Structures are given as structure tokens and as C-alpha cells.
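Before any comments, here is the structure.
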Amino acid sequence: MEIIARNKKAFHDYEILEKVVAGIALSGSEVKSIRAGQINLADSFGTCSGGEMFVHHVHIAPYGFTGAFTPDSYRKRKLLLHKKQIMNFADEMQKKHLTLVPLMVYFDKQWIKMELGLGKGMKKYDKRDKIASDESKRHLAQVMKNQNTR
0 MEIIARNKKA
10 FHDYEILEKV
20 VAGIALSGSE
30 VKSIRAGQIN
40 LADSFGTCSG
50 GEMFVHHVHI
60 APYGFTGAFT
70 PDSYRKRKLL
80 LHKKQIMNFA
90 DEMQKKHLTL
100 VPLMVYFDKQ
110 WIKMELGLGK
120 GMKKYDKRDK
130 IASDESKRHL
140 AQVMKNQNTR
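Taken in order, the sequence shown gives residues 0 to 149; the numbers are from numbering that gives the first Met the number 0.
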């Protein structure tokens, strides 16, 4: 599994409750751009409409060696999931007011996969608490490391 891109901001802004892996419907030039690492997941999100799931605002840079056809960099892209998974996620998104957030894009053999998470938006004070607890854990680990080396 070769990771192409991560959405670090998603873990900062959302509390991820559930994860799922999906394929993405892409054009040939988009695949070549992704292989070159030209993808950005910041500010992207997923929606469900008409029994299908789509991911919006994923920026895939245009491939430099294509001819006249270059798809829109920010177009919505279809996610390839089983119908049962789509219905399950659509129900949870609607009932619990959750957001579908892309977490990372990676290669699974020759296939490009996207890991998505159902997330609940964090409040500002939740983010501060999380940062404080992470810093205290890091400090404790550093202290323990220094004690063990003496």
C-alpha cells in the first residue's frame, strides 16, 4: 500500500467515527496526475445523491502531457461503493448530521483507493483540549525516554 496523499486537516477538524475504503471513477489523465502525486484533499467532502456517492473539491492537477482534453481540476468524482454501504452512510449522514471526509488516497496494487471517514465537526474548545492532551502525552514520552537512557 503506497500512500499518495493524506488529509491531515480532517483529523484536526473532525472526530472520525467510522471509516470506509472506496474506489474513485477517474479519467486516464487524472490517474497519471495522481501517480505523479498531484492531488490535494484539503477542504474536500463527500455527498450522497440519487443513490450514489460523490466527492467534491478534490484538486487533481491537470496532467502536463495531455492534448486538448483536460477535465476540470475540482469536478465531483463518483465513489465506487456497494449499494448497502452507500445507503448505510447516507442514513448516518442524514440522521446524525455527520460529514463524509476523505482521509487519504493510496494505491492498492494498481488500483487507486480513497479512505473516507464519517466525522463529527469538532468545536474550538474540543480542538484545544485535544492539542493540550497530545502535548502532555508527547512530554511524558520524552521524560520516560530520558529516564530510560540514564
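Don't be surprised by glycine CBs; every beta carbon is placed ideally from N, CA and C.
The structure presented is a predicted model; accordingly, all values stated were derived computationally and were not measured.
Minimum C-alpha distance to residue i - residue among the options
i    : options               : result
Y73  : R5, L25, G63          : L25
W110 : E51, V20, I15         : V20
A4   : H58, G45, Q93, S28    : H58
G45  : R76, G63, Q37, A60    : R76
E14  : Q93, E134, Q146, D128 : D128
Q37  : K18, I2, H96          : I2
K18  : H96, M113, K108, K95  : M113
H55  : N145, K119, D42, Y62  : D42
M52  : E29, A60, L78         : L78
D90  : S28, L16, C47         : C47
M0   : K108, F64, P61        : K108
DSSP bridge partner residues for residue i (one or two, in chain order)
i   : result
L78 : I23, M52
T46 : F53
Y13 : G120
K18 : G116
N39 : H58
Boundaries (first-last residue) of the alpha helix (DSSP H) holding residue i
i    : result
D107 : Taken as a continuous stretch (DSSP letters only), D107 belongs to no alpha helix (DSSP H), being part of the beta strand (DSSP E) at 98-107.
A67  : A67 -> no alpha helix (DSSP H), and no H or E assigned at all.
Where the beta strand (DSSP E) through residue i begins and ends
i    : result
K112 : 110-120
A35  : Careful: A35 lies outside any beta strand (DSSP E) and carries neither H nor E.
A4   : 1-5
Next on the checklist: Across the stretch 129-138 and the stretch 79-90, are there enough close Cβ pairs to call them in contact, namely three or more that are closer than 8 Å?
Outcome noted: No, because fewer than three Cβ pairs between the stretch 129-138 and the stretch 79-90 fall closer than 8 Å, the two stretches do not touch.
Next on the checklist: I'd like to know if the stretch 102-109 and the stretch 33-48 are in contact, where contact means that at least 3 CB-CB pairs between them fall below 8 Å.
Outcome noted: The stretch 102-109 is in contact with the stretch 33-48.
Item to check | Stretch pair the stretch 117-130 + the stretch 51-70: three plus CB contacts closer than 8 Å | outcome: Put simply, the stretch 117-130 does not touch the stretch 51-70. Fewer than three CB pairs are less than 8 Å apart.
Checklist entry - If you pair each beta-carbon of the stretch 9-18 with each one of the stretch 85-100, do three or more pairs fall below 8 Å? => result The stretch 9-18 makes contact with the stretch 85-100: 3 or more CB pairs, one atom from each, lie closer than 8 Å.
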